[in-house]
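*Asks:*
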């Protein structure tokens, strides 16, 4: 899957010089052997239309691929344990305890008080 993403992104970056990874022809042969019904194809296009809406048009090829993969062949919700994902997200992303956020909230509070004092 990553080889395919890298391959597509390399073509977009440099359409004149690119190499085809060995895994691409293998994947192409595998895909040719899988029978896809029109219902499966329609479901895929429907999911892509939801993911690639006008509001989300700035998504990268990599993000679109990940979202499509999750939505089409991801685990059923009943079988998915969100604990690991939530823990990873909390370690990487900012939380409400972030010091810059606390300073911003304090500054906004001071501004509101000054405006309120001026109006009353």
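Numbering (my numbering), first residue to last: 835 to 954.
Heads up, the beta-carbon is just placed ideally off N, CA and C, and yes, glycines get one too.
Values in this document were obtained by computation on a predicted structure and should not be read as measured data.
1) Just confirm the distance between the C-beta atoms of residue 898 and residue 885, as a whole number of angstroms; I'd bet it's less than 8 Å.
2) Leaving out the 5 sequence neighbours to the left and right, which residues in its chain are closer than 7 Å to residue 855 when beta-carbon positions are compared?
3) Select from 894, 936 and 902 the residue whose C-alpha is nearest the C-alpha of residue 875.
4) Are residue 887 and residue 839 touching if we call contact CB-CB under 9 Å?
5) Contact defined as beta carbons within less than 8 Å: I believe residue 906 pairs with residue 878. What is the distance between those atoms, to the nearest angstrom?
6) Residues in its own chain within less than 7 Å of residue 946 by CB, not counting five upstream and five downstream?
*Replies:* Taking the structure as given:
1) 6 Å
2) 837 and 841
3) 902
4) no
5) 6 Å
6) none
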